[in-house]
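Chains as they are written, first to last, in our numbering: chain A, 8 to 331; chain B, 8 to 331; chain C, 8 to 331; chain D, 8 to 331. For each residue, glycine too, the CB sits at the ideal point set by N, CA and C. Step one of this worksheet: look at the structure below.
Protein chains: 4
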Amino acid sequence: MPGNTFGKLFRITTWGESHGKALGVVIDGCPAGFLLDEKDIQKELDKRKPGLGNLSSTRKENDKVEILSGVFDDKTLGTPISMVVWNKDANSKDYSNLKNVFRPGHADYTYYLKYGLWDYKGGGRASGRETVARVMAGAVAKKILNKYETLIESKVITIPFPESKNEGDSTGGIVETRVKNPPKGLGEPVFDKLNADLAKAIFSIGGIKGLEFGLGFKSANLKGSKNNDEFIIKNGKIRTKTNNAGGILGGISNGEDIIIKIAVKPPSSIEKEQSTVNKDLKKVKIKIEGRHDSCLIPRIVPVIESMIAITLVDHLLRQNAIKL
Amino acid sequence: MPGNTFGKLFRITTWGESHGKALGVVIDGCPAGFLLDEKDIQKELDKRKPGLGNLSSTRKENDKVEILSGVFDDKTLGTPISMVVWNKDANSKDYSNLKNVFRPGHADYTYYLKYGLWDYKGGGRASGRETVARVMAGAVAKKILNKYETLIESKVITIPFPESKNEGDSTGGIVETRVKNPPKGLGEPVFDKLNADLAKAIFSIGGIKGLEFGLGFKSANLKGSKNNDEFIIKNGKIRTKTNNAGGILGGISNGEDIIIKIAVKPPSSIEKEQSTVNKDLKKVKIKIEGRHDSCLIPRIVPVIESMIAITLVDHLLRQNAIKL
Amino acid sequence: MPGNTFGKLFRITTWGESHGKALGVVIDGCPAGFLLDEKDIQKELDKRKPGLGNLSSTRKENDKVEILSGVFDDKTLGTPISMVVWNKDANSKDYSNLKNVFRPGHADYTYYLKYGLWDYKGGGRASGRETVARVMAGAVAKKILNKYETLIESKVITIPFPESKNEGDSTGGIVETRVKNPPKGLGEPVFDKLNADLAKAIFSIGGIKGLEFGLGFKSANLKGSKNNDEFIIKNGKIRTKTNNAGGILGGISNGEDIIIKIAVKPPSSIEKEQSTVNKDLKKVKIKIEGRHDSCLIPRIVPVIESMIAITLVDHLLRQNAIKL
Amino acid sequence: MPGNTFGKLFRITTWGESHGKALGVVIDGCPAGFLLDEKDIQKELDKRKPGLGNLSSTRKENDKVEILSGVFDDKTLGTPISMVVWNKDANSKDYSNLKNVFRPGHADYTYYLKYGLWDYKGGGRASGRETVARVMAGAVAKKILNKYETLIESKVITIPFPESKNEGDSTGGIVETRVKNPPKGLGEPVFDKLNADLAKAIFSIGGIKGLEFGLGFKSANLKGSKNNDEFIIKNGKIRTKTNNAGGILGGISNGEDIIIKIAVKPPSSIEKEQSTVNKDLKKVKIKIEGRHDSCLIPRIVPVIESMIAITLVDHLLRQNAIKL
């Protein structure tokens with residue numbers, strides 16, 4: 008079954024290769040009568056623009072969103088919202104030498120295993136550029152969450168080798184993302200628990216290697232009496248005294264902050280010479296020149312937040328459905 | 008949208024409350040003509056039996072599987088396989104004092120938020136007992152994986168407080184599970200990547216707080232040149248020299264072992280007195296007496312392996328579909 | 008992808024063979040806090056009982072529903088509702104002579120084509136007995152529709168050969184079903200239009216060969232000026248003067264009666280001798296003795312109504328979801 | 008749940024309003040390594056071009072397909088195929104007088120009921136123009152069916168008032184479509200039977216009011232002994248002597264021609280004056296001037312064939328999946 012659709016009720020379908028004509032997303036299920044224009048999307052898209060720091064690619068991605076359907080007189084119609092970004096600076100000269108080579112850490116080999124061929128230009132569909140579509144959809148989801156005064160915020164925990172680019176190398180890092188004031192009661196046990204769907208959403212982004220909710224691995228080293236969050240009454244409402252669980256109990260949001268910690272691997276594209284093999288099973292040496300991020304973190308944060316927003320809105324609609 | 012179905016082509020639907028009449032699963036999509044009998048299922052079910060060690064509940068769960076449909080003359084028909092385990096030792100006397108109380112760390116409060124009511128007897132659907140159904144389905148999936156000589160093995164990394172039960176407390180722990188010789192080419196980018204679906208599968212189990220693939224959080228502390236797995240030729244086949252990625256590249260299995268590390272929280276049910284609140288927003292003290300596991304690890308391992316097996320078989324069928 | 012689940016938000020999964028241990032259904036997505044007990048189900052189940060007239064099988068199907076999960080203190084929990092009917096009068100002696108024979112009009116041959124084997128006892132999963140599970144689920148859906156004062160009523164248009172049984176033969180017939188006072192605004196263009204999903208629901212029942220909405224084939228013989236339903240104001244509300252469309256415009260219910268006409272074929276099981284072939288490609292003669300309906304209509308009506316009710320409730324929840 | 012996606016494994020998502028910027032489709036699940044270019048699509052698209060006869064609109068729809076993703080070096084990549092047609096001749100002046108009026112027979116009123124607003128320009132998403140996207144996807148499906156030597160052919164049974172346009176009126180009609188040499192074994196009981204999914208596919212097209220498989224309503228007037236198709240051996244293969252069933256038994260294709268008869272209503276847009284109401288509940292008279300088809304048949308035939316082709320390919324992949 009094809010894998011380019013995410014969400015059940017707020018459902019996004021993305022398409023596009025790194026060096027193809029364009030990248031896009033179709034959102035089906037966005038409620039009608041909702042104010043939306045291209046500026047709402049562009050604002051989020053600009054957050055994943057490269058060239059904002061010394062960790063990012065020098066490819067000029069002045070991505071400009073175009074809304075093709077689903078909006079009429081600046082209001083959503085309830086019909087599918089199709090959005091596109093045209094690929095303008097797709098410098099295909101960089102990639103011809105990689106035609107038959109499986110780059111270490113990349114998806115060339117596994118795409119070849121799966122499909123029998125692959126788009127060797129810039130990684131095709133496996134490129135991080137694919138996330139443009141996620142951010143466009145995330146912008147719509149975030150606007151819906153605004154109505155609930157729900158905010159998503161992130162902070163960098165660590166980037167161990169910030170100057171790795173100078174050595175032709177790259178660095179990993181860790182991010183913490185928090186959902187503040189999330190809607191309560193979201194999550195559909197026993198399989199579509201909110202944490203399960205958030206984990207899927209985040210691990211579907213390239214480069215993610217680890218994930219924790221609340222105390223995460225630290226919980227494993229605690230006794231129950233220390234790990235349990237005591238229920239208390241605060242301002243007449245049920246709250247928890249601590250938030251070791253990270254805002255989700257039994258797969259359902261309890262209204263406390265949702266706290267997620269995410270491990271991001273160092274980018275696989277490095278200029279340093281590497282050994283690998285090609286399609287003919289020959290050993291070869293490669294240097295991946297071109298314009299690459301030496302750290303994914305600055306540009307992956309808006310993508311992580313987008314996937315979280317999409318998941319939350321999807322569950323909002325799911326929770327909505329069962330209230331007769 | 009309801010959340011009790013998992014998988015797309017090998018699709019399981021589970022049902023049942025901890026202290027209801029029975030627990031069950033319907034598997035839809037199991038290929039036909041495949042030898043299957045109750046012994047295949049019982050063997051796996053026995054692995055999650057409590058009372059095997061000093062960490063487990065003393066509830067006698069001599070769960071006995073009954074196959075109700077989908078098998079004819081010991082062969083699968085291609086029609087839905089319905090399996091049931093009857094609840095025999097559901098001692099409902101234990102729970103009457105918890106009728107209106109939200110137990111810390113449990114799902115009572117969030118179920119109440121979501122549904123407006125909850126089954127207070129033993130946690131109802133939020134009980135770990137729900138996993139009986141997952142293990143029955145996992146047994147069928149494992150039998151299919153046998154044909155591919157794929158094995159799933161687990162080892163305990165740590166259980167920090169093995170004697171916590173004596174203090175009326177509980178302990179967390181960490182497990183590592185490996186899929187040996189997994190089928191290659193499984194995973195459906197960009198959202199249904201194999202790691203994304205495995206993460207969802209595992210986080211859908213109660214009590215999981217952290218997850219890593221391959222080096223996991225350690226990858227975040229490496230440079231790309233150290234983290235990338237070099238492709239090599241070994242016995243005429245493409246392999247990787249190291250397996251830092253944990254067997255999945257670009258969301259697709261590359262044939263190396265799939266390596267997953269999982270953080271399990273300490274069980275929330277402890278005999279020690281705890282503060283909490285009830286439905287009337289009053290503060291109360293509770294001691295959760297009864298028969299509880301002081302550590303989830305021994306009994307959660309077959310559940311983790313089952314969810315992994317189900318996910319792999321689902322993706323096997325998905326990969327199968329696109330080969331015309 | 009497996010085909011034993013119907014509906015998206017009010018989702019039913021059915022299982023069971025005609026001569027297996029039992030037949031059942033799991034309903035996932037039923038709203039919580041809703042009064043439900045076995046009598047609600049039994050009442051509907053009794054409507055498809057055979058032996059009520061001279062057109063029906065003499066098999067004693069005193070089907071008795073048992074609710075196994077999802078209901079607590081007579082209220083729905085929001086968790087899956089599992090219901091079962093045990094097969095008691097499955098007289099398997101009748102079928103041994105049919106082991107390798109493809110009965111004309113039956114699914115033996117196509118199941119063999121698809122799955123490589125088939126359950127020759129009473130048609131297995133392809134038996135009309137499968138519809139027991141649909142009626143159990145339909146009973147729950149009908150109870151939800153009661154809250155909206157929506158009624159489903161049917162009348163027989165024709166049964167051309169009511170005495171066909173005496174000749175060892177069978178008869179077809181035509182039924183008209185009306186949904187009175189349906190909820191407005193149901194249907195999800197452009198593919199999940201209400202009429203499209205109703206058509207699927209009804210054609211999924213064995214023996215249906217034709218279907219019309221509103222004027223149906225008669226519409227094809229009209230000019231637009233005669234076929235269009237004029238909008239008028241009646242009691243301060245927008246209504247249509249005629250109802251040629253049958254209550255659905257652009258795939259969405261407009262509040263007028265939904266009118267459906269259904270052609271039912273004569274049952275394929277007849278006592279008259281027939282020519283056919285067997286698995287070894289040999290020509291054989293068969294007489295299908297045993298207890299068969301000579302007309303499907305009396306017992307298919309509650310099944311049709313159940314499938315309509317399930318589809319309407321599913322669309323009710325779908326419409327609910329998008330109202331933020 | 009949103010309704011703009013059709014199919015499970017060969018899955019299409021369509022978008023676009025009649026007078027918006029563009030119309031498009033994303034196909035997810037198309038097998039990789041398959042030759043495809045824009046000419047394959049254009050050929051089918053030209054079949055639904057208006058102005059080919061005196062029954063069609065004079066709107067110049069020189070629809071030109073553009074493939075935006077999923078194809079690399081003229082081969083499918085296995086990634087989503089995004090295709091677009093730009094709206095060029097969207098003469099929006101025609102529609103301003105209809106801003107608040109509910110046109111009889113149209114979806115204006117029901118879209119308003121459902122979404123609280125509607126795109127009054129040319130019907131928006133409810134326009135027949137939406138089917139452009141279906142035909143683009145159908146072209147890909149037809150190309151896949153070519154490999155199986157499966158053909159889809161249609162003939163007009165009746166168009167009762169071919170000169171209705173001159174009177175400012177419109178006419179309905181009946182079409183018969185046949186699938187010749189369909190793959191065997193397609194269809195997933197008990198809900199996703201091939202006939203059920205074909206019925207949904209066809210009824211999802213605007214203007215369809217009736218549908219029959221094989222003898223259809225005539226079957227209802229036959230005895231079983233006449234209606235049953237006798238199995239015979241022909242050229243060493245199992246065939247049926249007659250094909251009253253229309254190629255599907257028990258919801259699964261048996262290899263005989265699939266025969267479908269379809270009733271198409273007269274177009275609702277007519278120049279003749281009609282009575283109706285507006286949003287303010289006032290009675291008004293309207294004449295729908297502009298460029299409209301006076302009969303849907305010539306242009307709906309490629310749409311019907313496309314939906315059938317898409318359904319067959321989807322079921323081909325579904326059947327593929329379960330063959331381990």
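Residue interval of the alpha helix (DSSP H) (run including residue i)
i, result
"Leu205 of chain B", "Leu201 to Phe210"
"Thr358 of chain C", "Residue 358 of chain C falls outside the range modelled here, since chain C spans only 8 to 331, and no answer is possible."
Own chain, CB closer than 6 Å to residue i, minus 5 neighbours either side, in chain order
i, result
"Thr157 of chain C", "Asn188 and Pro189"
"Gly130 of chain A", "Ser25"
"Gly294 of chain B", "Residue identity check: residue 294 of chain B is Lys in the sequence provided, not Gly. So the qualifying residues of the chain are Glu278 and Glu280."
"Pro273 of chain A", "Ser177, Thr178 and Gly179"
"Ile212 of chain D", "Val310"
"Gly262 of chain C", "Lys191"
Coarse secondary structure for residue i, derived from DSSP in three states
i, result
"Asp35 of chain C", "strand"
"Lys128 of chain B", "coil"
"Asn251 of chain C", "coil"
"Glu160 of chain B", "strand"
"Glu278 of chain B", "coil"
"Met90 of chain C", "strand"
"Phe17 of chain C", "coil"
"Arg335 of chain C", "The question about residue 335 of chain C has no answer here: the residues shown for chain C are numbered 8 through 331."
"Leu84 of chain B", "coil"
"Gly335 of chain B", "One cannot answer for residue 335 of chain B here, as it falls past the ends of chain B, which runs 8 to 331."
"Gly258 of chain A", "coil"
"Gly223 of chain A", "helix"
"Ile329 of chain A", "coil"
First and last residue of the uninterrupted beta strand (DSSP E) at residue i
i, result
"Lys216 of chain D", "Ile215 to Phe220"
"Asn285 of chain D", "Gln281 to Asn285"
"Ala270 of chain C", "Ile265 to Val271"
"Leu75 of chain B", "Val72 to Ser76"
"Lys50 of chain A", "Careful: Lys50 of chain A lies outside any beta strand (DSSP E), inside the alpha helix (DSSP H) at Glu45 to Leu52."
"Ile240 of chain C", "Phe238 to Lys241"
"Arg292 of chain A", "It is worth fixing the name first, because residue 292 of chain A is Lys in this sequence and not Arg. Per DSSP, Lys292 of chain A belongs to the beta strand (DSSP E) from Lys290 to Ile293."
CB contact check: residue i to chain B, cutoff 8 Å
i, result
"Pro167 of chain A", "yes"
"Glu24 of chain A", "no"
Closer than 8 Å to chain D by CB, residue i
i, result
"Ala316 of chain C", "no"
"Pro274 of chain B", "no"
Any chain A beta carbon closer than 8 Å to residue i
i, result
"Leu16 of chain D", "yes"
"Leu256 of chain C", "no"
"Leu75 of chain D", "yes"
C-beta neighbour in chain C for residue i, strict 8 Å
i, result
"Ile19 of chain A", "no"
"Pro9 of chain D", "yes"
"Leu323 of chain B", "no"
(Q) What are the residues in the region 81-113 of chain A lying within 7 Å of chain D by C-beta distance? (A) From the region 81-113 of chain A, only Lys82, Leu84, Gly85, Thr86, Pro87 and Ser89 have a Cβ closer than 7 Å to chain D.
Q | Short-range partners of chain C found in the region 180-204 of chain B, where Cβ spacing is below 8 Å | A | The residues in question: there are none.
Q.
Taking beta-carbon pairs under 7 Å, can you tell me which members of the region 120-135 of chain C lie near chain D?
A. Flagged, chain order: Leu120, Lys121, Arg132 and Ala133.
Q: Would you list, in chain order, the members of the region 137-168 of chain C that have their beta-carbon closer than 8 Å to a beta-carbon of chain D?
A: Against chain D - using a Cβ distance shorter than 8 Å - the residues of the region 137-168 of chain C are Glu137, Thr165, Pro167 and Phe168.
Q) What residues in the region 25-45 of chain C bring their beta carbon closer than 8 Å to a beta carbon of chain B? A) Within the region 25-45 of chain C, the qualifying residues are Gly27, Lys28, Ala29, Leu30, Gly31, Val33, Asp35, Gly36, Ala39 and Gly40.
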